[in-house]
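Residue numbers (this note's numbering): 254 to 432.
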Amino acid sequence: MFRIAAVRVGTQVLPRVSRLAFLPRTAQRYESSTSGPPRSDKDAAAFKAARELSDELQRDWDAKVISYEDLLAKTHSPSPDSYLIDVREPDEVIQGMIPSAVNLPLSVLANSLHLNSEAFKAKHGFEKPKKWQEVIFYCRSGMRSTSASDVAKRNGYTNILNYKGSWLEWSEKKNVEGK
254 MFRIAAVRVG TQVLPRVSRL AFLPRTAQRY ESSTSGPPRS DKDAAAFKAA
304 RELSDELQRD WDAKVISYED LLAKTHSPSP DSYLIDVREP DEVIQGMIPS
354 AVNLPLSVLA NSLHLNSEAF KAKHGFEKPK KWQEVIFYCR SGMRSTSASD
404 VAKRNGYTNI LNYKGSWLEW SEKKNVEGK
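Spelled out as structure tokens, the structure:
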């Protein structure tokens, strides 16, 4: 009988004790005004340098934007070292494409950039851009081309341009010029 009573008391006491043991720690943790042990000057300098480097990398992260006029000049005289890539899906390309562009949908872009040159050409019908070559992305409205620029940057491409006006701006300006 004593054993049963001890078990009953123990099951009621243990949760209370564990709660009490927990309370001072949380109170101490949330009432603390320090943010950990003070850093040495060497650690603080290294942290500051890392933060500045991170800021510099983020500043460079966005691809350069190309204007309609600059892209128009590139389409009139295409260069073999420059790729104009339409990242819309094939059913959207039916609306039309910018002259000298090739279609490489955003949905397959990341996987395609990992292919070797022969497999890339067999799959898409054109040479795989080299990492140093100029690559210009466009889509319908500029959102997917921005994502494509990020994908290319993460895959080591260094000369990336984004035509943010994309197909909507191109078709509108071409219609105005044609009238």
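For glycine and all other residues, C-beta sits at the position ideal for the given N, C-alpha and C. The structure displayed is predicted, hence computed values, not measured ones.
Under the DSSP assignment, D339 falls in the beta strand (DSSP E) whose first and last residues are 335-339. Residue environment for K384: exposed (fewer than 16 other C-beta atoms within 10 angstroms of its C-beta). I389 is bridged by DSSP to L337, L414.
Beta-bridge partners assigned by DSSP to V404: none are found. Counting C-beta pairs closer than 8 Å gives fewer than three between the stretch 367-375 and the stretch 328-343, which falls short of the contact rule. Between L359 and S400 the beta-carbon gap is near 6 Å, inside 8 Å, which marks them as a contact. Secondary structure note for A354: its beta strand (DSSP E) is the uninterrupted segment 354-356.
K384 sits in coil when the DSSP states are folded into three classes, being neither helix nor strand. The continuous stretches of alpha helix (DSSP H) do not include P331, and DSSP gives it neither H nor E.
Following the DSSP letters along the chain, one finds H377 inside the alpha helix (DSSP H) bounded by residues 370-377. For the pair G395 and S419, the CB atoms are nearer than the 7 Å cut-off. In this structure, I389 lies near L414, with their beta-carbon atoms less than 7 Å apart.
From the listed residues A303, V404, E430, the smallest Cα separation to D315 is found for V404.
The residues I338, D339, V340, S365, H377, in chain order, have a CB closer than 8 Å to that of L357 in the same chain once the five nearest residues on each side in sequence are set aside. Residue pairing by DSSP places V318 opposite N415 in a beta bridge. Taking a contact as a CB-CB distance under 8 Å, the pair L325 and Y416 does not count as one, their CB atoms being some 10 Å apart. Of the candidates K327, A363, D344, the residue whose Cα lies closest to the Cα of A354 is K327.
The beta carbon of K317 is closer than 8 Å to those of I413, L414, N415 in its chain, skipping five residues each way along the sequence.
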